[in-house]
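Numbering-wise, the working numbering puts 205 at position 205 of the sequence shown, and it's gapless, one number per residue.
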Amino acid sequence: MIHLPLVPNRFAQTLQQHGLALQHGRTEVLQINVGKKCNQTCAHCHVNAGPARTEVMTGDTINRILDWLAQTDISTIDITGGAPELNPYFRHLVERVKALSPQRHVIDRCNLTILFETGQEDLAEFLAANQVEIIASLPCYSPDNVDAQRGDGVFDKSIAALQRLNALGYGTEERLPLNLVYNPVGAHLPGPQTDLAADYRRELKAHFGIVFNHLYTITNLPISRFATFLRRSGQLEEYQQLLLDSFNPASVAGLMCRNTLNIGWRGEVYDCDFNQMLDMQWRNGKPLYLWDIEPQQVENRPILTGDHCFGCTAGAGSSCGGAIL
């Protein structure tokens with residue numbers, strides 16, 4: 001029996017006021033954060049990832065996760081970081097998942113510039129050979145906004161990476177989906193996903209010949225590095241209030257925590273990547289690791305929430321797969 005502490009918070013109270021409950025159902029996605037090491041230092045990063053971070057998932061931990069996964073029919077493995085490809089066992093993880101079943105779907109949350117790092121020269125070809133879906137960060141289709149959020153020169157490298165992926169069939173072949181992610185640069189909600197996708201599609205095709213499958217809009221949550229930015233600019237309370245005022249009860253049914261398990265770099269279990277960064281870990285008298293739990297134990301249990309959850313339920317809602325509504 002897993003006992004999860006339920007701490008009163010404004011989000012829980014808001015759910016109750018709307019007659020809503022938030023429980024995990026059937027697990028369809030296993031999201032694995034393989035470490036915080038990254039070749040970029042982005043202003044909005046909720047992981048506080050960067051080149052100096054040393055938290056990296058070990059090969060032994062990856063193998064224990066794979067052993068647990070083999071007992072399940074979970075169909076999608078979502079690999080994130082940091083830059084997940086900088087984990088020395090990243091390719092081992094991808095290959096082992098595919099060896100369990102070719103039908104298992106693997107997602108790589110890629111920052112694009114990683115394709116040009118030393119030792120990653122054949123990364124694009126590896127991903128294509130293993131039919132790994134790429135979800136790539138590109139906060140705008142113009143260089144000023146991208147470089148402001150992600151660092152000087154990131155836009156040009158990102159464009160070159162997308163062109164290389166297109167040349168391999170990404171974005172054009174059904175087996176090689178290429179999806180982009182938009183995060184707002186400032187303290188506001190994303191615009192309508194459909195409209196932004198049309199803008200991205202038009203501009204990237206016209207200026208760079210780039211094609212892609214979908215654009216996902218994701219709301220920045222006021223935690224970690226983005227919270228520090230908001231605090232320093234005097235916008236933290238205002239942004240938190242914006243998220244609260246924009247709560248949309250219709251988004252709750254589509255929240256990713258309902259069907260996703262998130263695993264930390266040491267193997268700990270969380271309801272989502274945001275909870276992981278806030279150390280809102282499952283406990284039963286001690287921290288729980290994935291291999292401590294039987295697969296059937298994770299169903300029909302309450303989800304740990306906090307005020308940050310307003311970020312996923314504001315406006316059209318937000319998830320790792322973009323807008324909910």
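Quick reminder that beta carbons are idealized off the backbone N, C-alpha and C, glycines included.
Here the structure is a predicted model, which means the values were calculated and not measured.
_I believe aspartate 273 touches threonine 14 by the beta-carbon criterion, under 8 Å. Please report the beta-carbon distance rounded to the nearest angstrom._
Position 273 of the sequence shown, counting from 1, holds the residue named residue 273. Position 14 of the sequence shown, counting from 1, holds the residue named residue 14. The beta carbons of aspartate 273 and threonine 14 sit about 22 Å from each other, so the pair does not count as a contact at 8 Å.
*Can you find at least 3 beta carbon pairs, one from the region 11-31 and one from the region 198-211, that sit closer than 8 Å?*
Short answer: they don't touch.
*Could you work out which residue in Ile114, Asp279, Trp265, Leu325 is closest to leucine 255 when comparing CA atoms only?*
Along the sequence shown, one-based indexing puts residue 255 at 255. Cα-wise, what sits closest to leucine 255 is Leu325.
_Contact check, leucine 189 vs glycine 321, beta carbons under 8 Å_ = Here the question's residue 189 lines up with position 189 in the sequence shown. Here the question's residue 321 lines up with position 321 in the sequence shown. When the beta-carbon positions are compared, leucine 189 and glycine 321 stay at least 8 Å from each other.
*In the DSSP assignment, what are the bridge partners of glutamate 268?*
The residue given as residue 268 occupies position 268 in the sequence shown. In the DSSP assignment, glutamate 268 is bridged to Tyr289.
_Report the CB separation of asparagine 48 from lysine 36 in whole angstroms; it is logged as a contact under 8 Å._
Counting from 1 along the sequence shown, the entry for residue 48 is found at position 48. Counting from 1 along the sequence shown, the entry for residue 36 is found at position 36. Correct: roughly 7 Å between the Cβ atoms.
*alanine 12 burial status per 10 Å Cβ neighbour count (16 or more: buried)*: Looking up residue 12 in the sequence shown gives position 12. Per the 10 Å Cβ criterion, buried.
_In DSSP terms, what proline 302 is bridged to_ = Residue numbering aside, residue 302 sits at position 302 when the sequence shown is read from its first letter. Paired residue(s): Gln23.
_Suppose you measure from the CA of alanine 197 to the CA of proline 177; what does that come to, to the nearest Å?_
On the sequence shown, position 197 is the one that residue 197 refers to. On the sequence shown, position 177 is the one that residue 177 refers to. Cα to Cα, the separation comes out at about 15 Å.
_According to DSSP, aspartate 307 sits in a beta bridge with which residue or residues?_
Taking the sequence shown and counting its residues from 1, one reaches residue 307 at position 307. According to the DSSP secondary-structure assignment, aspartate 307 is paired through a beta bridge with no residue.
*Could you check which residue in Val146, Phe229, Trp282, Tyr200 has the C-alpha nearest to that of tyrosine 216?*
Walking along the sequence shown from the start, residue 216 turns up at place 216. Out of Val146, Phe229, Trp282, Tyr200, Tyr200 has the C-alpha closest to the C-alpha of tyrosine 216.
*phenylalanine 155 in three-state terms, based on DSSP*: Residue 155 sits at position 155 when you count from the first residue of the sequence shown. The answer is helix: DSSP assigns phenylalanine 155 an H, G or I state.
*asked:* By the DSSP assignment, the alpha helix (DSSP H) with leucine 242 in it spans what residues?
replied: For the purposes of this step, residue 242 is taken as residue 242 along the sequence shown, with counting starting at 1. From DSSP, the alpha helix (DSSP H) with leucine 242 extends over 236-245.
*How many angstroms separate the CA atom of leucine 86 from the CA atom of lysine 98?*
Looking up residue 86 in the sequence shown gives position 86. Looking up residue 98 in the sequence shown gives position 98. Cα to Cα, the separation comes out at about 20 Å.
*Tell me, please, which residues DSSP counts as bridged to histidine 214.*
Taking the first residue of the sequence shown as position 1, residue 214 is located at position 214. DSSP, once it has assigned bridges, lists Asn179 as partnering histidine 214.
*Look at asparagine 213 and glycine 171 and say whether their C-beta atoms are less than 8 Å apart.*
Along the sequence shown, read from residue 1 onward, the residue named residue 213 stands at position 213. Along the sequence shown, read from residue 1 onward, the residue named residue 171 stands at position 171. When the beta-carbon positions are compared, asparagine 213 and glycine 171 come within less than 8 Å of each other.
*Would you call glutamine 103 buried or exposed, if buried means 16 or more other Cβ atoms sit within 10 Å of its Cβ?*
The residue given as residue 103 occupies position 103 in the sequence shown. Flag for glutamine 103 reads exposed.
*Could you pull the start and end residues of the alpha helix (DSSP H) that alanine 136 belongs to?*
For the purposes of this step, residue 136 is taken as the residue at position 136 of the sequence shown. Premise fails: alanine 136 lies in the beta strand (DSSP E), 133-137, not in any alpha helix (DSSP H).
*Name the residue from Gln120, Ala70, Asn179 whose alpha carbon lies nearest to the alpha carbon of alanine 83.*
As a first step, residue 83 must be located in the sequence shown, where it is residue number 83. Of the listed residues, the one whose Cα sits closest to alanine 83 is Gln120.
*Every unbroken beta strand (DSSP E) inside the region 88-132 [3 residues or more]*: Along the length of the region 88-132, whole beta strand (DSSP E) runs at least 3 residues long occupy 105-110, reported in chain order.
*Flag this pair as yes or no: are the beta carbons of isoleucine 32 and isoleucine 65 separated by less than 8 Å?*
Start at 1 with the first residue of the sequence shown, and residue 32 comes out as number 32. Start at 1 with the first residue of the sequence shown, and residue 65 comes out as number 65. Yes; because the gap between Cβ atoms is below 8 Å, this pair is in contact.
*Sort Met57, Ala323, Asp144 by Cα distance to aspartate 195 and report the nearest one.*
Here residue 195 refers to the residue found at position 195 when the sequence shown is read from its first residue. With distances taken between CA atoms, aspartate 195 lies nearest to Ala323 out of Met57, Ala323, Asp144.
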